[in-house]
Amino acid sequence: MIKTPTLARGPLLPYCLSSLRTPSHVLAITGRYRQPQLYSTDSRTRRRIHGSSTRSSAPAADRIPLPASSPAGGLPINGEATPVSASSTLGPAPLSVLPLATVLRSLGSTTISSSRVLLPPSLAIMSMLAYSDQAILNPDKNPFLRWFLKKTFYAQFCAGENATEVRRTIDGLKDIGYTGVILGYAKEVVLTDGQTRDLSSCGEGPMAEECIRNEIIPWATGTLETLRLAQPGDFVAIKFSGAGRQALYALKNRLPPSVHLKKAIDEICDLAAERDVPVLFDAEQTAIQAGIDDWTLEYQRKYNTKPGHAIIYGTYQAYLKATPALLGSQLAVASKEGFTLGIKLVRGAYLGTDPRHIIHDTKADTDAAYDGIAASLIKRQWGPVLQQDVAFPQVSILLGSHNRESVCKARKIRSSPECAGTELAIAQLQGMADEVSCELLVAKAADKTEKKTGQTTTLCGEAPRAYKYIVWGTTKECMKYLLRRAHENKDAVSRTKSGRDAAWGEVKRRARALVGLA
58 MIKTPTLARG PLLPYCLSSL RTPSHVLAIT GRYRQPQLYS TDSRTRRRIH GSSTRSSAPA
118 ADRIPLPASS PAGGLPINGE ATPVSASSTL GPAPLSVLPL ATVLRSLGST TISSSRVLLP
178 PSLAIMSMLA YSDQAILNPD KNPFLRWFLK KTFYAQFCAG ENATEVRRTI DGLKDIGYTG
238 VILGYAKEVV LTDGQTRDLS SCGEGPMAEE CIRNEIIPWA TGTLETLRLA QPGDFVAIKF
298 SGAGRQALYA LKNRLPPSVH LKKAIDEICD LAAERDVPVL FDAEQTAIQA GIDDWTLEYQ
358 RKYNTKPGHA IIYGTYQAYL KATPALLGSQ LAVASKEGFT LGIKLVRGAY LGTDPRHIIH
418 DTKADTDAAY DGIAASLIKR QWGPVLQQDV AFPQVSILLG SHNRESVCKA RKIRSSPECA
478 GTELAIAQLQ GMADEVSCEL LVAKAADKTE KKTGQTTTLC GEAPRAYKYI VWGTTKECMK
538 YLLRRAHENK DAVSRTKSGR DAAWGEVKRR ARALVGLA
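Per our numbering, the sequence shown starts with residue 58, numbered consecutively.
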């Protein structure tokens, strides 16, 4: 049985640390509530909790079957299962692996983020706490405020304030089934409007020295520390805009990085290769994205020399109409030059700031582009969305998606024998889309048993490597970081109704179980 770690943040941690795995790979749940209810083919009708659908009966795809060889009666507190017929029993609801405190905190955060009424004032309060000069409103100076935020907001989304907390958090996530984390550093260089307008002044003279000292060096130092905190198999995410004015000027004008910035990036990539911790170059706003794409390709050429295993990943946004052509051209370059292309595929989050005409006209168009690109990448075959006339290159894939349907499609494709060699991971943001993440964990446990028995019972195919994207830093730094991301990704943040519905459904399921009605 896996030992449940004890973390510094106490019982309100947002990580599924009360999940234990028995020797037979049946999930055992501990916590303040009793034995979670299993879905059964002869049980009463239930509402679907993975989305906003109000149909009365949950379809089979929403229920995770336990392998036929697994003892599946109750999910026991003491690690001993009560055998019953697996033919009549399906596995636990995905969120049953989470402690009640985590479910309630998720319900609170998604209720706010999915509400047009609650989200704006909540962001205003966050902004006041993140940027106020008053000690009473500064979480790094007010012990009570810091304690409250660390038990609520911070615990929901962040990894820790120091190396000890971060490592414990990562270990805790891995202990409950996650392959690893995507770790980001919360502290960023934030420029004034005047500095942003006068980017060219940082190229030489005293201003250049100031940019190097106050912007590039702190960014590089924080990124290197993040790489040291991560473990082999984890990822580290970086934003080039965090390096300040020299980076923004070069990216905006599609120039190579300055001498000092190039030295910093090289040092980061060298350490990533040495520790086998892949680096994700995050996508940013359209004004600088073309420059990021240029830099990404250059660093992939240099570091992605191992077939099928990338150290440098670029981020590709499926909601942009130009993404299939861009990705296709970079795949063609990788094919001709013989390096592995690292691909982080996301739908895109800058709907509120990117020019509308460069984005797909409808969500259905974006979904089709995302699923079509993902299918071609996993199969390593050109298709109707990705089209080129060269051999398909080696790829490493990270799918960033909160969409259950897309995740399920990718798993089904990946489970076919011809796709077995494709390096694939799937990630969601920490504190969000837990109904998708935990379903991967339940499926992963089922996969282990299936490999022993030779039987296949999972409905969405093989469970790939599962990750959570999480940031670390002080309480105030993390609030600033998450506030900036919330403003940049406001449209995406507001589309969290499925997570809210899933958390509410789990609360009701546990309440029914508590009074013996489930």
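Don't be surprised by glycine CBs; every beta carbon is placed ideally from N, CA and C.
Of the residues Ala-340, Lys-501, Ala-367, Asp-491, the one whose Cα lies closest to the Cα of Ala-406 is Ala-340. Residue state for Tyr-427 is assigned as helix, using DSSP reduced to three classes.
In this structure, Leu-240 lies near Val-293, with their beta-carbon atoms less than 7 Å apart. The Cβ atoms of Ala-559 and Glu-462 lie no closer than 7 Å to each other. For Val-316, the closest C-alpha among the options Lys-359, Gly-260, Ile-368 is that of Gly-260.
Below 8 Å, enough C-beta pairs join the segment 441–459 and the segment 481–500 to call them touching: three or more.
A Cβ-Cβ separation of about 18 Å leaves Ile-345 out of contact with Val-336 under the 8 Å criterion.
The C-alpha of Gly-371 lies about 26 Å from the C-alpha of Gly-234.
In this structure, Arg-358 keeps its C-beta atom at 7 Å or more from the C-beta atom of Phe-297. Here Lys-198 is exposed, its C-beta having fewer than 16 other C-beta atoms within 10 Å.
Of all C-beta pairs linking the segment 298–311 to the segment 365–381, fewer than three are shorter than 8 Å, placing the two stretches out of contact. With fewer than three CB-CB distances shorter than 8 Å, the segment 152–160 does not count as touching the segment 519–538. Shown here, Ala-482 sits in a strand according to DSSP, grouped into three states.
Short of 7 Å from the beta carbon of Cys-215, and not among the five residues preceding or following it, lie these beta carbons of its own chain, in chain order: Ile-527, Val-528, Trp-529, Cys-535. Linking Glu-563 to Leu-194 through their CA atoms gives a straight-line distance of about 34 Å. The secondary-structure analysis by DSSP pairs Gln-374 across a beta bridge with Val-403.
If the five residues before and after Leu-328 are omitted, its C-beta is found closer than 7 Å to the C-beta atoms of Leu-281, Leu-284, all from its own chain and listed in chain order. Every unbroken stretch of the alpha helix (DSSP H) spanning 4 or more residues and falling wholly within the segment 152–226 is given here in chain order: 157–170, 176–188, 200–208, 210–214. Beta bridge pairing from DSSP links Lys-525 with Val-238, Gln-485. Less than 7 Å separates the beta-carbon of Ala-330 from that of Tyr-360. Comparing alpha carbon positions, the residue from Gln-438, Leu-318, Gly-440, Tyr-188 closest to Glu-272 is Leu-318.
Boundaries of the alpha helix (DSSP H) harbouring Ile-345: 343–360, taken from the DSSP string. With 16 or more other Cβ atoms from the protein chains shown falling within 10 Å of its own Cβ, Asp-350 counts as buried.
Relative to the Cα of Lys-436, the nearest Cα in the group Ile-400, Gly-478, Ala-426 belongs to Gly-478. A direct Cα-Cα distance of roughly 15 Å separates Gln-445 from Leu-398. It is roughly 10 Å from the alpha-carbon of Ala-220 to the alpha-carbon of Thr-226. In the three-state scheme derived from DSSP, where H, G and I count as helix and E and B as strand, Ala-367 is classed as coil. Beta-bridge analysis with DSSP links Leu-455 to Lys-401, Ala-482.
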